[in-house]
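When we follow this note's numbering, the leftmost residue of the sequence shown carries the number 743, and every step to the right adds one.
For reference, the structure discussed in these notes is given below.
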Amino acid sequence: MEKQSVKPASKMGTGIEGLDSLLSGGLPAKRTILVVGGPGSGKTILCTQFLKDGIEKSNQNCIYVSLDYSKKAFMSDMMQFGWDFAAFEKNGSFLFLEGAAIRRLPQKASTNEGSYEPEDFTLEDLIDLLALHIKKINAKRIIIDDLTALTFRFPDPMERRGAILSLMESLVELEVTTIMISEAALYDMNREIKPEEYLSDGVIGMFVLKDGTRAIQISKMRGVQVDNKPHPYSIVDKVGIEVFPTETIFGEN
Ligand SMILES: Nc1ncnc2c1ncn2[C@@H]1O[C@H](COP(=O)(O)OP(=O)(O)O)[C@@H](O)[C@H]1O
Ligand SMILES: [Mg+2]
């Protein structure tokens, strides 16, 4: 375990009341948290709710870095919850950095016109680009969606670990609070622990059980006293994620 700083970390509300109650207030500020879960488990929605809360309640500007999800799809999917990120973008409180845009970094432009190989952009480029935009809009909350797509070019576990660490260190230096998304299998609460779970300051798992129940579990949160048992949650149209902190999952609590 890392040595805790003496000063207690200030909290950042997630915009999800039930989750904040499991976190005794919210996520620790200026840390890097991992959200790990299966496809369709609501990782993107949870992260976006966190950004919306920051913009609306704390006047904190936000950036969503997306490797595979297009801005257009993001904007329209999030509108289903009544979250108008196009308006946030217009008023300068939100930036969506798309995979294609990241790969189109000028210094790495492909010689093969119109086609951009994944090798065209490096992790250092992404860090530089992020630093630039964080400073430009004075962003406080960042989402990286997702680590799996970002590090696929590092098949060597040690290299991948190094890449994730350097990204995390840069984000800490930039004094932002970051949620990184990591893909797991759908029915996989007892999955193998991923290296990024050891590296990040906190881990929130989101899973769908075989009977269709959605379960959320905070398995780690450095410097914060948390409820680390699994609890049910649902995804509600026009509302977003709802976590039920007093309800339990198959008698585990
Ligand atoms: N408008 C909606 N109302 C209720 N549930 C929705 C709505 N839109 C999406 N969902 C649910 O959310 C899931 C997608 O959430 P998302 O955050 O994109 O998942 P992930 O990022 O983990 O793959 C869908 O599979 C569906 O179950
Ligand atoms: Mg997603």
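Even glycine gets a Cβ: it sits at the ideal position worked out from N, Cα and C.
- When distances are taken from the beta-carbon of Gln822 to the heavy atoms of ligand 1, the shortest one is below 7 Å.
- Here Thr920 has Thr774, Ile884, Leu913 as same chain residues with Cβ atoms under 6 Å from its own Cβ, once five neighbours each way along the sequence are excluded.
- Taking 7 Å as the cut-off, the C-beta of Lys785 counts as close to a heavy atom of ligand 2.
- Annotation: Leu907 to Leu941 spans about 7 Å, alpha carbon to alpha carbon.
- By the neighbour-count definition (other C-beta atoms within 10 Å, threshold 16), Met900 is an exposed residue.
- Taking 8 Å as the upper bound for CB-CB distance, Ser812 and Glu840 are in contact here, some 6 Å apart.
- With a contact defined as Cβ atoms closer than 8 Å, Glu917 and Lys772 qualify at about 5 Å.
- Val985 is the residue among Val985, Asp888, Leu871 whose C-alpha sits nearest the C-alpha of Leu765.
- DSSP places Gln959 within a strand segment (E or B) once states are collapsed to three.
- Between ligand 2 and the CB of Tyr811, the shortest heavy atom gap is smaller than 7 Å.
- Counting every other CB atom within 10 Å of its CB across the protein chains shown gives Asp887 a total of 16 or more, marking it as buried.
- Bounds of any beta strand (DSSP E) do not take in Thr990, whose DSSP letter is neither H nor E.
- Non-local C-beta neighbours of Ala905 in its own chain, meaning closer than 6 Å and more than five positions away in sequence, comprise Leu865, Thr893, Phe896, ordered along the chain.
- Secondary structure within the stretch 797-842: the alpha helix (DSSP H) runs of 4 or more consecutive residues, fully enclosed, are 813-821, 827-832 (chain order).
- Ligand 2 approaches Asp887 closely enough that one of its heavy atoms is under 7 Å from the residue's Cβ.
- At least one heavy atom of ligand 1 is found less than 7 Å from the C-beta of Pro781.
- Under the criterion of beta carbons closer than 8 Å, Pro937 and Arg903 qualify as touching, at roughly 5 Å.
- Ligand 1 has a heavy atom closer than 7 Å to the beta-carbon of Val978.
- In this structure the stretch 827-840 touches the stretch 792-806; the number of beta carbon pairs closer than 8 Å is three or more.
- For Lys980, same chain residues with a beta-carbon under 8 Å away, outside a window of 5 residues either side, are Gln822, Phe823, Gly824 in chain order.
- Of the residues Val968, Ala842, Gly782, the one whose Cα lies closest to the Cα of Lys753 is Val968.
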